[in-house]
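Residue numbers (numbering that gives the first Met the number 0), protein chains in the order written: chain P, 0 to 115; chain E, 0 to 82; chain U, 0 to 162; chain A, 0 to 249. Using N, Cα and C, we set each Cβ at its ideal position, and we do this for glycine too. Just so it is clear, the structure is predicted and the values come from calculations on it, not from any experiment. Worksheet: the structure to be examined is printed underneath.
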Amino acid sequence: MILLTTLGYIMIILGSLFLLLGALGIVRMPDLYNRIQAGTKATTLGALSSIIGVGLVNPNWFFKTLIIAIFIVLTNPIGSHSIARSSYKSGLKPELQSEIDEYKPENIQDERSDLR
Amino acid sequence: MLNFVFVLIFLALILSGFRFFKGPSSSDRVVALDTLTTIISVLLVTSSLFFDNYILLDISFVFAALSFTSVIVISRYLEGGNS
Amino acid sequence: MNFKRFITTLIIYFIFWLAYTTSLAANEIIMGIILSTLLSVFTYKSFSQKNPENNIVVRIINLIKYIPVFIIEMVKANLDVARRVINPSLPINPGIIKISTDLKSDYAKLFLANSITLTPGTLTLDVKDNNLFIHWIDIESTDKDIQKNLISGKFEDLLGGIF
Amino acid sequence: MRFRDYLSLFLVIILGFIIFQAFDGTIDNGLNIKQFGEVNLSERTSIHYINKDVNNESTQIIYNESKNPESGSANYVTSIIANYRALDTLGEITVLFIAAAGLAFVLGDHNKNNAFASDASFIVKIGVKILFPLLFLLGIYIIIHGHLTPGGGFQGGAVIATAILLKFLAYKDYKLNHTGLTILESFAGISFLIIGLIGLYTDGSFLTNFLANGTIGTLFSAGVIPIIYILIGIKVGAELSGIISNLINA
Numbered sequence: 000m001i002l003l004t005t006l007g008y009i010m011i012i013l014g015s016l017f018l019l020l021g022a023l024g025i026v027r028m029p030d031l032y033n034r035i036q037a038g039t040k041a042t043t044l045g046a047l048s049s050i051i052g053v054g055l056v057n058p059n060w061f062f063k064t065l066i067i068a069i070f071i072v073l074t075n076p077i078g079s080h081s082i083a084r085s086s087y088k089s090g091l092k093p094e095l096q097s098e099i100d101e102y103k104p105e106n107i108q109d110e111r112s113d114l115r
Numbered sequence: 000m001l002n003f004v005f006v007l008i009f010l011a012l013i014l015s016g017f018r019f020f021k022g023p024s025s026s027d028r029v030v031a032l033d034t035l036t037t038i039i040s041v042l043l044v045t046s047s048l049f050f051d052n053y054i055l056l057d058i059s060f061v062f063a064a065l066s067f068t069s070v071i072v073i074s075r076y077l078e079g080g081n082s
Numbered sequence: 000m001n002f003k004r005f006i007t008t009l010i011i012y013f014i015f016w017l018a019y020t021t022s023l024a025a026n027e028i029i030m031g032i033i034l035s036t037l038l039s040v041f042t043y044k045s046f047s048q049k050n051p052e053n054n055i056v057v058r059i060i061n062l063i064k065y066i067p068v069f070i071i072e073m074v075k076a077n078l079d080v081a082r083r084v085i086n087p088s089l090p091i092n093p094g095i096i097k098i099s100t101d102l103k104s105d106y107a108k109l110f111l112a113n114s115i116t117l118t119p120g121t122l123t124l125d126v127k128d129n130n131l132f133i134h135w136i137d138i139e140s141t142d143k144d145i146q147k148n149l150i151s152g153k154f155e156d157l158l159g160g161i162f
Numbered sequence: 000m001r002f003r004d005y006l007s008l009f010l011v012i013i014l015g016f017i018i019f020q021a022f023d024g025t026i027d028n029g030l031n032i033k034q035f036g037e038v039n040l041s042e043r044t045s046i047h048y049i050n051k052d053v054n055n056e057s058t059q060i061i062y063n064e065s066k067n068p069e070s071g072s073a074n075y076v077t078s079i080i081a082n083y084r085a086l087d088t089l090g091e092i093t094v095l096f097i098a099a100a101g102l103a104f105v106l107g108d109h110n111k112n113n114a115f116a117s118d119a120s121f122i123v124k125i126g127v128k129i130l131f132p133l134l135f136l137l138g139i140y141i142i143i144h145g146h147l148t149p150g151g152g153f154q155g156g157a158v159i160a161t162a163i164l165l166k167f168l169a170y171k172d173y174k175l176n177h178t179g180l181t182i183l184e185s186f187a188g189i190s191f192l193i194i195g196l197i198g199l200y201t202d203g204s205f206l207t208n209f210l211a212n213g214t215i216g217t218l219f220s221a222g223v224i225p226i227i228y229i230l231i232g233i234k235v236g237a238e239l240s241g242i243i244s245n246l247i248n249a
């Protein structure tokens, strides 16, 4: 029991460290897409670790914390993908040095042919 | 022990809030909003441990769901703005 | 009515319900069975898969194999983020590349895209048919096969087994 | 006359009969119609609250053990909203109904184009497929556990409307069945009134908690409070979904 509690607290602290890392990444990264990457990865792992940690400290809540964690792990990448795609479509191009961009509108046929 | 965690989480909130207010483009603000809401969900879950109160878990779940929806709404809006 | 799909959906919804209530009182279980039956009558067609390739046992075994791989990749991704945050002047060579996938099922593609977003240095921008468009911080190779191995090689087989 | 006209007539007659029964003095509930001037208005409006004896409860109320405590709900905010101030809540859902009806009146026509020119991206579409039942079930859970955990009819209805909003965001061709929504909404409203009238009939006060309260903290407890909250949840969910549908298809 004491082992579970200790493990839980360690996971909570590690998780909050990752959350801080994600926030730092959002402030320090140079352009939008790098910020999205840093933010999503770090906050997702931070949230997963902290929330499961709470479930380990108090095992009665474990199932509930598990489903909150699953929900966050499922929705966070979807949300950040949605932001990235919409910013690309609205004209915010990433700073590319190597000029490799296979997602250019002219490279793929556009599905928005049915505009009103 | 949890006080230390709260300090870390508040630092993270302040940092992403900085990006939220500064962020040159609106997409940057949405990214910051996404991060802020995830951090607040975690804050609610850890608070439920701190106050030993089960009900904050429910609130955290609903908050996460609503913030996800808001992010999708805003990004759909940004995407449609240029069509 | 496809009975197998219906029952699978019902069981998944009932597990959701148990996780929400976190209680095994008889009242809650009765209520949960009634509600998940009602909800799955209306939504099982859009929720469940049409024709999964494997049977349920193989799928669960694959799921159990998939979770540690995923978590290890996620931790690696975070160490990578930490390296870049602490030293933002690291050489980056960003670009958007296209890789193709052999996965057929929609859910498998969704989980592949999410896994790629959460693994080091990559972010899925879009999925069109069998192609994934990926923003990669540091393009290590321009060869399609090596790219595919580096980015999605670890997940494809397992996800193909789950869905 | 069509079938629905007969149905409405039938319902109105039944409601009138219940009200008449409650006031005409055949049962002794302290509410018999008196001559004008003989009525003590303070008795009429607040008789049950003045006569209510809460100090008589000598034992402490214990979660999951006490039976039939005062108003019976573990979440006392719910006690206040759906029991002491249930009439006020009836007014609130009426306000929401009028707002939705006004919006539908102004925007009209559900067959216009969707606000979005295209579907959302593949990932959002498939993600919504998984998330929709998860959120819908969460809304139902919040509504049904309104007397045990935070939330209730209004909040759960809002979560259900959020799930439907996600469907609208993902699929540009998604349409709601407005006839079905209207039926659900009217059903919930009428049932709310009928429950109130049954309370008037049995205990002489509109919206009285006339069922047994059960053990505090279990799912089937608190008398009519969960039933009222389920009806409010259906009504709020249907109205908010209708508002979202009207605004997106405007």
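Own chain partners of residue i with C-beta closer than 7 angstroms, once the 5 adjacent residues on each side are dropped
{"i": "U/Ile150", "result": "Ile98, Ile115, Thr121 and Ile133"}
{"i": "U/Phe162", "result": "Gln48, Pro51, Ser104, Tyr106 and Ala107"}
{"i": "U/Phe69", "result": "Ser114"}
{"i": "A/Gly232", "result": "Ile142, Gly152, Gly155 and Gly156"}
{"i": "A/Asn113", "result": "Lys171, Ile247 and Asn248"}
{"i": "A/Leu147", "result": "Ala73, Asn74 and Gly216"}
{"i": "P/Met28", "result": "Arg34 and Ala37"}
Local Cβ density within 10 Å of residue i, reported as buried at 16 or more and exposed below that
{"i": "U/Glu139", "result": "exposed"}
{"i": "U/Lys103", "result": "exposed"}
{"i": "U/Leu109", "result": "buried"}
{"i": "A/Tyr200", "result": "buried"}
{"i": "E/Val44", "result": "buried"}
{"i": "A/Gly101", "result": "exposed"}
{"i": "E/Phe98", "result": "The requested residue 98 of chain E does not occur in the structure, where chain E is confined to residues 0 to 82."}
{"i": "U/Glu27", "result": "buried"}
{"i": "P/Asp113", "result": "Per-residue confidence for P/Asp113 stands at a pLDDT of 39, beneath the threshold of 50, marking its modelled position as unreliable; the derived number appears in the next sentence. With fewer than 16 Cβ atoms within 10 Å of its Cβ, P/Asp113 is classed as exposed."}
{"i": "A/Tyr62", "result": "exposed"}
{"i": "A/Gly198", "result": "buried"}
{"i": "P/Met0", "result": "exposed"}
{"i": "U/Phe2", "result": "exposed"}
{"i": "A/Ile77", "result": "The amino acid occupying residue 77 of chain A in the given sequence is Thr; Ile does not appear at that position. Buried: at least 16 other Cβ atoms inside 10 Å."}
Cβ shell of residue i (< 6 angstroms), same chain only, five flanking positions each side left out
{"i": "P/Ser79", "result": "Ile35 and Thr39"}
{"i": "A/Ala162", "result": "Phe131, Leu134 and Phe135"}
{"i": "P/Ile67", "result": "Ile50"}
{"i": "A/Phe153", "result": "Val235"}
{"i": "P/Leu20", "result": "Ala41"}
{"i": "A/Phe167", "result": "Tyr173 and Ile247"}
When the options are compared against residue i, the one with the closest alpha-carbon
{"i": "E/Ala63", "options": "P/Phe61, P/Leu6 and P/Thr74", "result": "P/Thr74"}
{"i": "U/Lys153", "options": "U/Ile66, U/Asn1 and U/Lys3", "result": "U/Ile66"}
{"i": "U/Ile145", "options": "U/Ile11, U/Asn129, U/Ile96 and U/Ile161", "result": "U/Ile96"}
{"i": "A/Gly145", "options": "A/Phe186, A/Val11, A/Ala221 and A/Ile182", "result": "A/Ala221"}
{"i": "P/Gly45", "options": "U/Leu124, U/Lys44, U/Gly31 and U/Ala76", "result": "U/Ala76"}
{"i": "P/Val53", "options": "E/Val41, E/Glu78, E/Ile54 and E/Asp57", "result": "E/Val41"}
{"i": "A/Leu175", "options": "A/Gln20, A/Gly90 and A/Gly241", "result": "A/Gly241"}
{"i": "A/Asn74", "options": "A/Leu106, A/Ile17, A/Ile125 and A/Thr217", "result": "A/Thr217"}
{"i": "P/Asn59", "options": "E/Leu12, E/Ser47, E/Ser15 and E/Arg18", "result": "E/Ser47"}
{"i": "U/Ile136", "options": "U/Leu89, U/Asp101 and U/Thr21", "result": "U/Leu89"}
{"i": "U/Gly159", "options": "U/Asp101, U/Asp125 and U/Asp142", "result": "U/Asp101"}
{"i": "A/Ile18", "options": "A/Thr88, A/Phe115, A/Leu206 and A/Phe96", "result": "A/Leu206"}
{"i": "A/Leu210", "options": "A/Leu8, A/Gly71 and A/Asp4", "result": "A/Gly71"}
{"i": "E/Val6", "options": "P/Ala83, P/Leu55, P/Leu18 and P/Leu91", "result": "P/Leu18"}
{"i": "U/Leu38", "options": "A/Asp87, A/Gly138, A/Ser117 and A/Ile80", "result": "A/Gly138"}
{"i": "A/Ala187", "options": "A/Thr148, A/Thr178, A/Pro225 and A/Ile229", "result": "A/Ile229"}
{"i": "A/Ser190", "options": "A/Asn82, A/Tyr5, A/Leu10 and A/Asp4", "result": "A/Leu10"}
Distance between beta carbons of residue j and residue i, contact taken as under 8 angstroms
{"i": "A/Leu14", "j": "A/Leu196", "result": "6 angstroms"}
{"i": "U/Asp84", "j": "P/Leu23", "result": "Sequence check: residue 84 of chain U is Val here, not Asp. Rounded, the Cβ-Cβ distance is 5 angstroms, consistent with contact."}
{"i": "A/Val235", "j": "A/Ile92", "result": "7 angstroms"}
{"i": "E/Leu32", "j": "P/Ser86", "result": "Not confirmed; about 13 angstroms, so no contact."}
{"i": "P/Ser81", "j": "E/Ile71", "result": "6 angstroms"}
{"i": "E/Leu1", "j": "P/Thr64", "result": "Contact doesn't hold; Cβ gap of about 15 angstroms is too wide."}
{"i": "E/Thr68", "j": "A/Leu106", "result": "22 angstroms between Cβ atoms; not a contact."}
Residues near residue i in its chain [Cβ-Cβ closer than 8 angstroms; skip 5 each side]
{"i": "E/Ser82", "result": "For E/Ser82, the predicted model reports a pLDDT of 44, less than 50, meaning its position is unreliable; a value from the coordinates is still stated below. Excluding residues within five positions, none has a Cβ falling inside 8 angstroms."}
{"i": "P/Arg111", "result": "Its pLDDT being 45, under 50, P/Arg111 is placed unreliably by the model, and nothing is read from it."}
{"i": "E/Leu35", "result": "Leu12, Ser15, Gly16 and Phe19"}
### Task
Taking only runs that begin and end inside the region 16–72 of chain P, name each unbroken beta strand (DSSP E) of 3 or more residues, in chain order.
If only uninterrupted beta strand (DSSP E) runs of at least 3 residues are considered, none is enclosed by the region 16–72 of chain P.
### Query
What are the start and end residues of each continuous alpha helix (DSSP H) run of 4 or more residues lying completely inside the region 24–50 of chain E, in chain order?
Considered as a whole, the region 24–50 of chain E harbours 25–49 as its complete alpha helix (DSSP H) runs of no fewer than 4 residues, in chain order.
### Message
Please give me, in chain order, every unbroken run of the alpha helix (DSSP H) with length at least 4 that falls completely inside the region 17–89 of chain U.
### Response
As far as the region 17–89 of chain U is concerned, its whole alpha helix (DSSP H) runs of at least 4 residues are 25–46 and 55–85.
### Query
Where in the region 160–225 of chain A do unbroken runs of the alpha helix (DSSP H), each at least 4 residues long, occur, reported from the N-terminal end onward?
DSSP runs (the alpha helix (DSSP H)) wholly in the region 160–225 of chain A: 177–202.
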